[in-house]
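Taking UniProt numbering, the leading residue of the sequence shown gets 1, the next gets one more, and so forth.
We put the beta carbon where it would ideally sit given N, CA and C, even for glycine.
Values in this document were obtained by computation on a predicted structure and should not be read as measured data.
See below for the structure under consideration.
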Amino acid sequence: MAATISQIFYGTLIHSLSLTELEFIHNALLGVDNQGKIAFLERNVSNEQTLRDIIKKWRTTEDKVVRLTNRQFLLPGFVDTHTHAPQYPNAGIGMDLPLLDWLNKYTFPLEQSFSSTKFAEKIYPIVVNHLLRCGTTTAVYFATIHLESSKILAKVVQQKGQRGFIGKVNMDCNSTETYVETMESSVKDTEQFVEYVLSLKNESTDESSLVTPIITPRFAISCTSKLMNSLGEIAKKHKIPIQSHLSENTAEVATVNELFPHHADYTTVYDHHKLLNHRTIMAHCIHLSPQERKLIKERNVGISHCPNSNFALCSGVCNVRQLLDEGIKVGLGTDISGGFSKSILDSIRNASIASRVIYISSKTNDKVYPHLTLPELTYLATMGGAQLVNLEDVIGNFTVGKEFDALLIDSEAEGSSMQIFDDIDTIDRIFEKFMFLGDERNIKAVFVKGRKVSGTDITNLEANSYNDYSYMN
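What follows is the structure, given as structure tokens:
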């Protein structure tokens, strides 16, 4: 039975084909079916007759066509591979301390507030709404140690229509007296949380939820060996992903070495407890030794690069070029509230700056590490993130058969900080300006699996735009 077309987009599409190849498709006609998948993608549809012929071929109607202006384009949805939902109220404060002191002074007290489900019900909808508005169609979340509040986060993400990976945090040692679990309660609550999330259904369609549980030991410092072993077993039993922090800060690395003196290094601690595999995401990974990078590669672990946080907490500068050259998977994360921005656009910009810092400092060494290019940055924010969550065959670009997670970008939205010049700004220049100057005001609509989950009315973009432009060839 042929797919039923629910919506068609006509205009410019921009997406990654590979780490170094960014494709601009002008006069594209993209059809989304009623399952939220990309049914067809036609290139160079330069006249109305060809458009009508394609619509007829797919047995649909012209009223389903959304016509983009030549100052608008579609971009795949952003994937935030590391963020802390309960820390959102702290975003923008507490930038005066290194990691371990920052956790004790600012973070653990706030996270303890989520022992109240009423507090969780107040905060989590705000967090998810804001991330969606910024174009984050997929988010990998840390929650807190609290079972019921973590369930609330999972339920909110599901109800809002975001694609989410939700982790109930585990920590049974080396924390404050008021914010710590026993090993037994941590394991029990994690099992219950995993079962709860796996049972979630889309309320309107009764389909499987877009939300996935992810095993979440906070970091090796806050987990005993018994707890980490148990978490590895739960992940294996349910075949679900794992996330944690690794080598974010030199003091953290030193503390792990003191706590686990019989292991060669920080990465080996996780590997010993069966927490490293192709479904594992490790955040930061700034201070890895060559041996650790080799192990990360062997286990096919993904690394979430969180440059805003790395700068803000003075943790260090991650050499992403080196990781990519060694064949390690890398995506981007906001790491709220170590990072003060909720937007992946900020992560893109800070990743660019971090790579330039590495490049400048490497020019006096034997090995020079070129800074990240715009195609590479775009890839990390979309396909790179999709790889980390093992959804590269499902989302990340506009390949036919993938699910339609997308952003409709309007370079001349009301209040936009971007200035467009008629005589010189072609779509490639507009795209680059968006990546380095744009913000959520330019994100007119956000789609997850074909459904608009954030944004304004898009039924008549030409009428709603400031200027009426012809399509660019």
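{"Item": "Closest to G339 by CA distance: which of T60, T364, P98 and E21 is it?", "Value": "P98"}
{"Item": "Can you tell which of L374, V79 and I336 has its C-alpha closest to the C-alpha of K433?", "Value": "L374"}
{"Item": "Scan the stretch 215-289 and note each continuous beta strand (DSSP E) run of 3 residues or more that stays entirely inside, going in chain order.", "Value": "242-246 and 280-284"}
{"Item": "Go ahead and pull the three-state DSSP assignment for P76.", "Value": "strand"}
{"Item": "Does I360 pass the burial test, meaning 16 or more other C-beta atoms within 10 Å, or should it be called exposed?", "Value": "exposed"}
{"Item": "Restricting to Cα atoms, I'd like to know which of Y179, S362, S247 and Q7 is closest to I55.", "Value": "Q7"}
{"Item": "Sort out for me which residues DSSP pairs Q7 with in a bridge.", "Value": "V32"}
{"Item": "Can you find the residues in the same chain that come closer than 8 Å, C-beta to C-beta, to L324, ignoring five residues on each side of it along the sequence?", "Value": "L19, V330 and E376"}
{"Item": "Using a threshold of 8 Å, state whether the C-beta atoms of I234 and I215 are closer than that.", "Value": "yes"}
{"Item": "Between the Cα of T382 and the Cα atoms of K367, N365 and L407, which residue gives the shortest distance?", "Value": "L407"}
{"Item": "Suppose contacts are defined by Cβ-Cβ distances below 8 Å. Is L51 in contact with V446 by that definition?", "Value": "no"}
{"Item": "Restricting to Cα atoms, I'd like to know which of H84, C314 and F24 is closest to L153.", "Value": "H84"}
{"Item": "Looking only at its chain, what residues have a beta carbon closer than 6 Å to the beta carbon of A91, apart from the 5 residues adjacent to it on each side?", "Value": "I336, S337 and F340"}
{"Item": "So, with DSSP's three-state summary, where would you put T20?", "Value": "coil"}
{"Item": "From T212 to V79, what does the alpha carbon distance come to, in whole angstroms?", "Value": "14 Å"}
{"Item": "DSSP state of I303, grouped into three classes?", "Value": "strand"}
{"Item": "Once DSSP output is grouped into helix, strand and coil, what is the label at F398?", "Value": "coil"}
{"Item": "As a quick exercise: from R71, T61, E298 and T60, pick the residue whose alpha carbon is nearest that of G11.", "Value": "R71"}
{"Item": "Going by DSSP, what residues sit across from A406 in a beta bridge?", "Value": "P76 and F447"}
{"Item": "Decide if N44 is buried, meaning its Cβ has at least 16 other Cβ atoms within 10 Å, or exposed.", "Value": "exposed"}
{"Item": "What's the gap between the Cα of S304 and the Cα of N249?", "Value": "15 Å"}
{"Item": "Under DSSP, the alpha helix (DSSP H) around T212 begins and ends at which residues?", "Value": "T212 -> not in any alpha helix (DSSP H); beta strand (DSSP E) instead, spanning V211 to P213."}
{"Item": "By DSSP, does T176 sit in helix, in strand, or in coil?", "Value": "coil"}
{"Item": "Alpha carbon to alpha carbon, how far is L22 from T426?", "Value": "16 Å"}
{"Item": "Mapping DSSP to helix, strand and coil, what is G384?", "Value": "helix"}
{"Item": "On the DSSP letters alone, give me the boundaries of the alpha helix (DSSP H) that Y379 sits inside.", "Value": "L374 to Y379"}
{"Item": "Note down, one range per segment and in chain order, each alpha helix (DSSP H) of at least 4 residues found wholly within the stretch 79-104.", "Value": "99-102"}
{"Item": "With a floor of 3 residues, list each beta strand (DSSP E) that falls wholly inside the stretch 108-148, ordered by position along the chain.", "Value": "136-142"}
{"Item": "Which term fits C314, buried or exposed, when burial requires 16 or more other beta carbons within 10 angstroms of its beta carbon?", "Value": "exposed"}
{"Item": "Quick one: what does DSSP say F421 is sitting in, helix, strand or coil?", "Value": "coil"}
{"Item": "Considering just the uninterrupted stretch of the beta strand (DSSP E) at F165, what are its terminal residues?", "Value": "R163 to G167"}
{"Item": "Could you tell me whether the Cβ atoms of L74 and L13 are closer together than 8 Å?", "Value": "yes"}
{"Item": "For L288, I'd like the list of residues in its chain whose CB is within less than 6 Å of its CB, leaving aside the five on either flank, ordered along the chain.", "Value": "S247"}
{"Item": "Among residues of its own chain, excluding the 5 on either side of A3, which ones have a beta-carbon nearer than 6 Å to its beta-carbon?", "Value": "D33 and A39"}
{"Item": "Let's see if you can read the secondary structure: which residues bound the alpha helix (DSSP H) around I353?", "Value": "I344 to S362"}
{"Item": "S150 and F193 - do their beta-carbons sit closer together than 8 Å?", "Value": "yes"}
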